[in-house]
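**Q** Handing you this structure, nothing more for now.
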Amino acid sequence: MGTRLRTPAVVGVLGVLLLTGCSQGQAPVVSSNWQVTNVYTDDEHPSVLPDTLAGRAHLAFGDSTVVGDTGCAPFTGSVDFLDGEGEQVAATDPAAATFEFRDLRVREDVGCEGAELYFHEGLLGVLGAGALTVSRPQDGELLLTDAGDPAVDKRGIRLTTSS
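Dropping the structure here:
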């Protein structure tokens, strides 16, 4: 009889834990370390991330700043978070539909060549494009695409976090 009482209790606790896990919401933009997993530069090179840079290319957002590394060189800059109407909102506001990067400063002594340098330049090119539309294909993932690009396959960056 003791087993019967414990089984429903365990099932109930597990159910609450599963529901809590599902309802925690999306990873916050600020206070998460975002790993760059893909950079989409053009139709001929839809996703470029050399294995040697996996885990090294990342971004971290502050209230109005961004710091990161292309895997070849660190960078800093400013970022505006805009709602669907183009009005500035807080980085933590779920209405932030566009990120606009500006004043990117990159260390000049880039220690990469070949595919790594191509990725470095592609990532900085997308970040320097101006306004990037934000979507969240799934929890822990951001997809930033060039808001001014009329193409179906827009230039963009895919980021993931475990935070």
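Here the sequence shown stands for residues -27 to -1, 1 to 136, where the numbers follow mature numbering (1 follows the signal peptide of the UniProt record, and there is no 0). We treat Cβ as the ideally placed atom computed from N, Cα and C, and that holds for glycine. Remember, predicted model here, so these are calculated numbers, not experimental data.
My understanding is that Val12 touches Leu116, with C-beta atoms under 8 Å, so please give their C-beta distance in whole angstroms.
**A** Going by Cβ atoms, the distance from Val12 to Leu116 rounds to 11 Å, so no, they are not a contact pair.
**Q** Whose C-beta lies closer than 6 Å to the C-beta of Cys(-6) among residues of the same chain, with five residues either side of it excluded?
**A** Only weak support exists for where Cys(-6) lies, its pLDDT of 35 falling under 50; the value from the coordinates is given anyway. Cβ neighbours of Cys(-6) beyond the five flanking positions: none.
**Q** From what residue to what residue does the alpha helix (DSSP H) around His18 run?
**A** Premise fails: His18 is in no alpha helix (DSSP H) and is neither H nor E.
**Q** State whether the region 82 to 89 contacts the region 57 to 68, with contact taken as three or more CB pairs (one from each stretch) at a distance under 8 Å.
**A** Flag = no, the region 82 to 89 and the region 57 to 68 do not touch.
**Q** Among the residues of its own chain, which have a CB less than 7 Å from the CB of His31, if the five just before and after it don't count?
**A** Closer than 7 Å at Cβ, skipping near neighbours: Asn6, Trp7, Gln8, Val9, Gly41, Asp42.
**Q** So, under 8 Å CB-CB, Ala104 and Ala120 are touching, yes? Tell me the CB distance rounded to an integer number of Å.
**A** Going by Cβ atoms, the distance from Ala104 to Ala120 rounds to 4 Å, so yes, they are a contact pair.
**Q** Here's the rule: buried if 16 or more other CB atoms are within 10 angstroms of the residue's CB, otherwise exposed. What is Gln(-4)?
**A** The predicted model places Gln(-4) with a pLDDT of 46, which falls under 50 and marks its position as unreliable; any figure quoted below should be read in that light. Gln(-4) is exposed by the Cβ-count criterion.
**Q** Under the DSSP definition of a beta bridge, which residues are partnered with Leu132?
**A** For Leu132, which the question treats as bridged, DSSP gives the partners Val9, Leu115.
**Q** If you compare alpha carbons, which of Val99, Thr134, Pro47 is closest to Gly84?
**A** Comparing Cα-Cα distances from Gly84 to each of Val99, Thr134, Pro47, the minimum goes to Pro47.
**Q** Out of Phe74, Lys127, Gly113, Arg109, state which residue places its alpha-carbon closest to the alpha-carbon of Thr38.
**A** Nearest of Phe74, Lys127, Gly113, Arg109 to Thr38, Cα basis: Phe74.
**Q** For the region 47 to 101, list the beta strand (DSSP E) runs that are entirely contained and at least 3 residues long, ordered along the chain.
**A** Runs of the beta strand (DSSP E) inside the region 47 to 101: 47 to 55, 71 to 79.
**Q** Tell me which residue opens and which closes the beta strand (DSSP E) that Gly41 is part of.
**A** Note, Gly41: beta strand (DSSP E), 38 to 42.
**Q** Report the CB separation of Leu77 from Leu100 in whole angstroms; it is logged as a contact under 8 Å.
**A** Their Cβ separation, rounded to whole angstroms, is 6 Å, which keeps Leu77 and Leu100 in contact under 8 Å.
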